[in-house]
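For the protein sequence lines, the chains are A and B, in the order given. For the first sequence, UniProt numbering begins at 1 and goes up steadily by one. For the second sequence, UniProt numbering begins at 1 and goes up steadily by one. The C-beta atom is built at its ideal place from N, Cα and C for all residues, glycine as well.
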Amino acid sequence: MKIDLTDTTASKINKALVQGRRAIGTPAVGMVLTLVIVTDEENAYDALKAANDASHEHPSRTLVVIKRVSRSPRDRTQSRLDAEVRVGADAGSGETVVLRLYGEVSDHAQSVVLPLLLPDAPVVVWWPVNAPLDPAKDPLGALAQRRVTDTYASEQPVRELSARSDTYTPGDTDLSWTRITPWRSMLAAALDQVVCDVRAVEVEGEEFNPSCELLAMWLADRLDVPVKRSLSSGPGLTAVRMDTDRGPITLDRADGSLATLSIQGQPDRAVALKRRETAELIAEELRRLDPDDTYASALRFGVERLNSVPAPAVRGAEAAHAAEAAVAKAVQAVALAEAAVARAEEPPAEAEGPAKGEPASEPSQIAAQASGKEAASPEPVKKAAAK
Amino acid sequence: MPPFNVTEANPLRDAADRRLPRIAGPSGLVIFGVTGDLSRKKLMPAVYDLANRGLLPPGFSLVGFARREWAHEDFAQEVHDAVKEHARTPFREEVWHQLIQGMRFVQGTFDDDDAFERLRGTIEELDKAQGTGGNFAFYLSVPPRSFPVVIQQLKKHGLADQTGGSWRRAVIEKPFGHDLKSAEQLNKVVHEVFAPDQVFRIDHYLGKETVQNILALRFANTMFEPIWNRSFVDHVQITMAEDIGIGGRAGYYDGIGAARDVIQNHLLQLMALTAMEEPASFDADALAAEKTKVLGAVRLPKDLGRDTVFAQYAAGWQGGEKAVGYLQEEGTDANSKTDTYAAIKLGIDNRRWAGVPFYLRTGKRLGRRVTEIAVVFQRAPHSPFDTTATEELGQNAIVIRVQPDEGVTVRFGSKVPGTSMEIRDVSMDFAYGESFTESSPEAYERLILDVLLGDSNLFPRTEEVELSWKILDPIEEYWDTHGSPAQYPSGTWGPVEADEMLERDGRSWRRP
Chain A
1 MKIDLTDTTA SKINKALVQG RRAIGTPAVG MVLTLVIVTD EENAYDALKA
51 ANDASHEHPS RTLVVIKRVS RSPRDRTQSR LDAEVRVGAD AGSGETVVLR
101 LYGEVSDHAQ SVVLPLLLPD APVVVWWPVN APLDPAKDPL GALAQRRVTD
151 TYASEQPVRE LSARSDTYTP GDTDLSWTRI TPWRSMLAAA LDQVVCDVRA
201 VEVEGEEFNP SCELLAMWLA DRLDVPVKRS LSSGPGLTAV RMDTDRGPIT
251 LDRADGSLAT LSIQGQPDRA VALKRRETAE LIAEELRRLD PDDTYASALR
301 FGVERLNSVP APAVRGAEAA HAAEAAVAKA VQAVALAEAA VARAEEPPAE
351 AEGPAKGEPA SEPSQIAAQA SGKEAASPEP VKKAAAK
Chain B
1 MPPFNVTEAN PLRDAADRRL PRIAGPSGLV IFGVTGDLSR KKLMPAVYDL
51 ANRGLLPPGF SLVGFARREW AHEDFAQEVH DAVKEHARTP FREEVWHQLI
101 QGMRFVQGTF DDDDAFERLR GTIEELDKAQ GTGGNFAFYL SVPPRSFPVV
151 IQQLKKHGLA DQTGGSWRRA VIEKPFGHDL KSAEQLNKVV HEVFAPDQVF
201 RIDHYLGKET VQNILALRFA NTMFEPIWNR SFVDHVQITM AEDIGIGGRA
251 GYYDGIGAAR DVIQNHLLQL MALTAMEEPA SFDADALAAE KTKVLGAVRL
301 PKDLGRDTVF AQYAAGWQGG EKAVGYLQEE GTDANSKTDT YAAIKLGIDN
351 RRWAGVPFYL RTGKRLGRRV TEIAVVFQRA PHSPFDTTAT EELGQNAIVI
401 RVQPDEGVTV RFGSKVPGTS MEIRDVSMDF AYGESFTESS PEAYERLILD
451 VLLGDSNLFP RTEEVELSWK ILDPIEEYWD THGSPAQYPS GTWGPVEADE
501 MLERDGRSWR RP
C-alpha cells in the first residue's frame, strides 16, 4: 500500500503510517530498528532496493532522506517536504517512507526524521554516497548508534580512509570494510590450518578500492609485519600472499567469484569468494549494532604506513622489540630507522624508498608508486607528520 | 603435518572481531544411507547452505556411502538435484564448484569389508587431495538395526582411530533405542568405538532457533523468570502435532509409536529446557547438568490409567482430504496396539515445580502441524471486577511456538471498548519471521556445523537419553498390558479420553 503526501509534515506522515498499517490489517509492529538512508535522487532507487532486501533479515522502518537540489535563489528560500509512505508488500518486511526535501528544510532533515524514529529501537544511518566528513557530528548521524559510510563510492577513497580515521567515533563503519569479511574469515581459517610465523604480506587489488587498503591495514595491525599493497586490474581484491616460515600461503581470486587457496605442503583448494551485493552487506551491517573495535583498530593503523616500514619500527615505544625482530635483517634495520625519521617529516610518497629494499615483498614498484601517489595527492596527508 | 585446532595461537582471530564467523577446521563428512530421504531433503541442502554462507573450511569433503551402483559423478548429480530442490539459499555456481571437488561416493553394503576398505582409501585420498587432515564425522542415517554393524565395521577397519591430533566423530539419529535396555546396549556399542564426547546424537528440534530462544527468553530477561515457578504457573502444556499419517513408514512406525518416536526425545527435551534451573554458563557441561537434574526429578503419575492416554487415528477427513485410519494403512498389523497419539501428565519434584503438572501430547493426523510450549498462569488471586465483567477472561499464558510460524505469544486480558466494563483475552505476538530473519538457518545447518566444530551444546547426552527412557518405560509397559488404544477421527485434536483426562484436573487442552 502506498500513500503520497505533498507539502506535508512529520506528524501527518506518522498518521499515514498508522492508517496504512490498519488498512492492511496488521496493527502490531515487529520491527527491530530504524534505518535512515541519506542519499541523492540518483542513488535513491538502488539504495532503497538493497535496504528492502536486507529488511527480510532485519525488519525495519526505512526512512529515505532525499535532499533535492534547488536551482534558483527563489527555490532556495521556499521549503517543502514531500513524502511517500509504503507499508505491506511494497516495503519489504517493514515500512518505508521516502522523504523529499526542497529548499531550506533540506538543511534541517533531522527535524523531519526525529519524530519518525521507532520508539526505543536502534537507529542506523547509511550514506550510500557523499557521506559527511565527520558522521558522528552530522545532525542526522548524531541520531544514530551506527553510522554506515562507503569509501568505495568516493572520489579519492584512500584519502577518505585517512579522514575517516581522523574522525572515527565508536559506531562508525564502512561498507568497504564489510565487503572483506569473507576474505578475512578465509585468511583466518588458513592460519587455523598452519601454525606458522608470518613474515610479510602482500595485498593485491584494483586501484581506488579502499577494501584492499583496509584488508592490508587489518593484516598489518594483527600480524605486526610489513604489508605491501600492490595493484592489479581487478575485479576488486585479487590476491593476498603471505610469506611465512612454513612457505607461502596464497589466496588468489582472479575472476571475482572463485578463489584458490594454496598452502605449501597442502593441495590447492577452491574457495567460493563471491563479491557480494549491497543488500547482503547491509544485512551483515545490521546484524551487530555495537561498535566495531576491530575496524577501528585497522583503520587507525593508517594507510600511509602500508608499503613502507615494518610496523614495530614505527612504534617508538616498541623500539627494543623492533630491533629484536630485525636481528636477522640487521643491515636493513638501519635503513628502516632512517625511513621512520624521514617519514616523520615528509609526505609518504617520498617515504616509500625502503619498500624497495624489503626482501620479503615481491618487486612491483609501479604498483607501490601508484598507490603512494594517490595517497599523497593533491594535498599531503598530514597524518604522517602528526605521528 | 602440524597439529590443528590452534585457534588461540592464530593472530588473525580475536574474540572482539564478531564479524568473523565460526568456520569449521579442515574436515569431511561421511554419510551412511546417503540415498535416504533425510539425506536428500535435509543433510545435503544443509551442507550446501553452510558452504554458501562461507562456514565450511576450504577443502571440505562429502563422502556418500550406499548400496546403489553410482560413480562419483552420479553422486554429485544427486547432490546437485537435492540442493537445487531443497536448499534454503540460492544456488551459486562457484559454491557448487568448491563443494564438488571434495565429493566422493563409496558403493557397498554395511557388511561388505571391501567397501569399508575402499572407504578408508577414499578418506586417505581426501586427506592428500583436499587437506582434510584426517578429521571426519560419520553420519549414520541408517535404520537402528544397522547401527551396531556399521559401528563395528568402522572399528574393524580403523576408521574410528584418531591419530596425531585429528578427530573422528559419530553422528547418530533417533531413535536411540526403544527402551532403557536397548538404549544402554546401543550406548555400549557406540562408546566401545567412539569416546562419549565424540558421539553426537541429533535431535533436530534442539537446532531450531526458537528452541534456543527458550533459554534467551528465560535467562536474558528479567520479566519472565520471577513468575516461572509454582507460585504463578498453573500448568504447562507441550504439544507436537502432525497433520500427516504414517505415510509409507509402517515398517518403522508399527511397534514404535508416538510416545517412543516423539515424547522420549523431542518433548522431554523441550520440557527440560522449559523447566530447568539457570545453568552456570552456556556451555555443554553446564547445560547438560541442569537438564539431567530436571529429568531426574520427573515424577510419574500414581495412576497411569487415569493420567495417560494412548490412541490411534481412525478414518476421517483431514483438512479437506479423506484419510484412512491407522489400522487400514498399508503394512500395519490389523491388531496393532501402536499408539499414534499419546498424552501424559508428569510432575517435577523440586522446589520450583512441585504440584505443577506438565501435560505432554503428540499425535499424527491431528488438526494441523504445530509444535508449541504453553505456560499457563494461575488466575489473579483477587479480581476487583465483578464476575460478569471477567466471564470471558481466561488464564494468562506465554506460548512459545516452535514450528511453524516460530515466535512467542503472550495472552492477557484487556478491556473491550465500550461503556461497560468487559474484559476479554487478547494475544500479543512476536513472530520470528517478522522481527528477525525470515530465512533463519535450518536446524540441520546449525547441528552439522556444531558437529564439525565439536560443540556439543545442542546435543542430548547419554544420561539424558537414559533418563528419558526411565520416564517412558513404565508408561509403555502399562499400555502394553492394560486396555487397547482409544480411537480418534483423523483431523481432530485427539480422543475424548485425552479431554477427559484434563477435565478431571479442572483444565482443558489449548487449541493450538
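First and last residue of the uninterrupted alpha helix (DSSP H) at Lys-2(A): Careful: Lys-2(A) lies outside any alpha helix (DSSP H), inside the beta strand (DSSP E) at 2-5.
Helix, strand or coil at Asn-107(B) according to DSSP, with G and I counted as helix: According to the sequence provided, residue 107(B) is Gln. The question's Asn does not apply to it. Gln-107(B) falls in the strand class under three-state DSSP.
I'd like to know whether the C-beta atoms of Gly-28(B) and Asn-135(B) end up nearer to each other than 8 angstroms. Yes, the pair counts as a contact, with Cβ atoms nearer than the cut-off.
Under a CB-based cut-off of 8 angstroms, is Arg-18(B) close to chain A? At least one chain A Cβ lies under 8 angstroms of Arg-18(B).
Closer than 8 angstroms to chain A by CB, Glu-124(B): Not closer than 8 angstroms to any Cβ of chain A, the Cβ of Glu-124(B) fails to qualify, so no.
Spatial distance of Val-112(A) from Gln-19(A) (CA atoms): Distance from the CA of Val-112(A) to the CA of Gln-19(A), rounded to the nearest whole angstrom, comes to 19 angstroms.
CB contact check: Pro-417(B) to chain A, cutoff 8 angstroms: It does not: the Cβ of Pro-417(B) has no partner Cβ on chain A nearer than 8 angstroms.
Length of the line joining the Cα atoms of Gly-121(B) and Ser-262(A): Gly-121(B) and Ser-262(A) have their alpha carbons spaced roughly 24 angstroms apart.
Just the chain B side, please: which residues come within less than 8 angstroms of Pro-182(A) by C-beta, in chain order? What Pro-182(A) touches in chain B: Gly-54.
Helix or strand or just coil, what does DSSP make of Gln-162(B)? Of the three classes helix, strand and coil, the one that applies to Gln-162(B) here is coil, per DSSP.
Could you check whether the segment 248-267 of chain B touches the segment 328-346 of chain B, counting it as contact only if at least three pairs of C-beta atoms, one from each stretch, sit closer than 8 angstroms? The answer is yes - the segment 328-346 of chain B touches the segment 248-267 of chain B, with three or more Cβ pairs under 8 angstroms.
Quick one, which residues of the segment 267-278 of chain A are near chain B if we go by CB-CB under 7 angstroms, in chain order? Listed by position, the residues of the segment 267-278 of chain A near chain B (Cβ gap below 7 angstroms) are Pro-267, Arg-269, Ala-270, Val-271, Ala-272 and Lys-274.
Thr-178(A) - DSSP class collapsed to helix/strand/coil: Reduced to three states, the DSSP call for Thr-178(A) is helix.
Using the beta-carbon of each residue, which ones in chain B are nearer than 8 angstroms to Arg-222(A)? Per Cβ cutoff of 8 angstroms: Pro-11, Leu-12 and Asp-14.
Any idea what DSSP makes of His-482(B), helix, strand or coil? In this structure, DSSP gives His-482(B) a state outside helix and strand, which the three-state scheme calls coil.
Checking contacts by CB at 8 angstroms: is Val-63(B) closer than that to chain A? Output row for Val-63(B): interface = no.
Do you know offhand how far Asp-53(A)'s Cα is from Ala-44(A)'s? Going from the Cα of Asp-53(A) to the Cα of Ala-44(A) covers about 14 angstroms.
From which residue to which residue does the alpha helix (DSSP H) around Tyr-48(B) run? From DSSP, the alpha helix (DSSP H) with Tyr-48(B) extends over 44-52.
Under a Cβ-count criterion, where at least 16 other Cβ atoms within 10 Å of its own Cβ denotes burial, should Asn-265(B) be classed as buried or exposed? Result: buried.
Determine the contact status of Ala-189(A) and Pro-57(B), defining contact as a CB-CB distance below 8 angstroms. In this structure, Pro-57(B) lies closer than 8 angstroms to Ala-189(A) by Cβ.
Taking only runs that begin and end inside the segment 403-482 of chain B, name each unbroken alpha helix (DSSP H) of 4 or more residues, in chain order. DSSP assignment within the segment 403-482 of chain B yields the following whole alpha helix (DSSP H) runs of 4 residues or more, N-terminal first: 432-435, 443-453 and 462-481.
Looking at Lys-345(B) and Thr-308(B), is the spacing between their C-beta atoms short of 8 angstroms? A contact, by the Cβ cut-off of 8 angstroms.
Report the start-end ranges of each alpha helix (DSSP H) in the segment 34-96 of chain A that is 4 residues or longer and not cut off at the edges. With a minimum length of 4 residues, the continuous alpha helix (DSSP H) runs that stay inside the segment 34-96 of chain A are 41-54 and 73-77.
Contact set between Thr-244(A) and chain B, taken where Cβ atoms lie within less than 7 angstroms: None at all; the shortest Cβ gap to chain B is about 11 angstroms.
Please list, in chain order, the residues of the segment 248-263 of chain A that have any C-beta partner in chain B closer than 8 angstroms. Cβ contacts with chain B: Ser-257, Leu-258, Leu-261 and Ile-263.
Going by DSSP, what residues sit across from Pro-128(A) in a beta bridge? For Pro-128(A), which the question treats as bridged, DSSP gives no partner whatsoever.
Report the three-state DSSP secondary structure of Leu-231(A) (helix, strand or coil). In this structure, Leu-231(A) counts as strand in the three-state DSSP scheme.
Output the distance between the C-alpha atoms of Val-47(B) and Asp-174(A), rounded to the nearest integer angstrom. Straight-line measurement puts the Cα of Asp-174(A) at about 31 angstroms from the Cα of Val-47(B).
Please list the partners that Ser-185(A) has in chain B, where partner means a Cβ-to-Cβ separation under 7 angstroms. Those are Leu-20, Pro-21, Ile-23 and Gly-54, listed as they occur along chain B.
Cβ shell of Lys-495(B) (< 6 angstroms), same chain only, five flanking positions each side left out: This sequence places Pro at residue 495(B); Lys is not what is there. The beta carbon of Pro-495(B) sits closer than 6 angstroms to those of Ala-311, Ala-486 and Tyr-488, all from its chain and outside the five residues before and after it, given in chain order.
Grouping DSSP H, G and I as helix and E and B as strand, with all else coil, what is Ser-27(B)? It is coil, neither helix nor strand.
Closer than 7 angstroms by beta-carbon distance: list the chain A residues that pair up with Pro-57(B), in chain order. In chain order, Ala-189 make up the part of chain A whose C-beta sits under 7 angstroms from the C-beta of Pro-57(B).
Three-state secondary structure (DSSP) at Trp-218(A)? In the structure shown, Trp-218(A) sits in a helix (DSSP, three-state: H, G or I).
Beta-carbon spacing of Lys-15(A), Arg-86(A) below 8 angstroms: It is not a contact, given that the beta carbons lie outside the stated cut-off.
Beta-carbon within less than 7 angstroms of Thr-58(A)'s beta-carbon, same chain only, minus the 5 sequence neighbours each way: which residues are those? In the sequence as presented, Thr is not what sits at residue 58(A); that position holds His. The answer, listed in chain order, is Val-32, Leu-33, Ala-283 and Leu-286.
Quick one: residues in its chain with C-beta nearer than 8 angstroms to the C-beta of Ser-93(A), no 5 flanking neighbours on either side, listed in chain order? Taken in chain order, the residues that qualify are Ser-55, His-56 and Pro-59.
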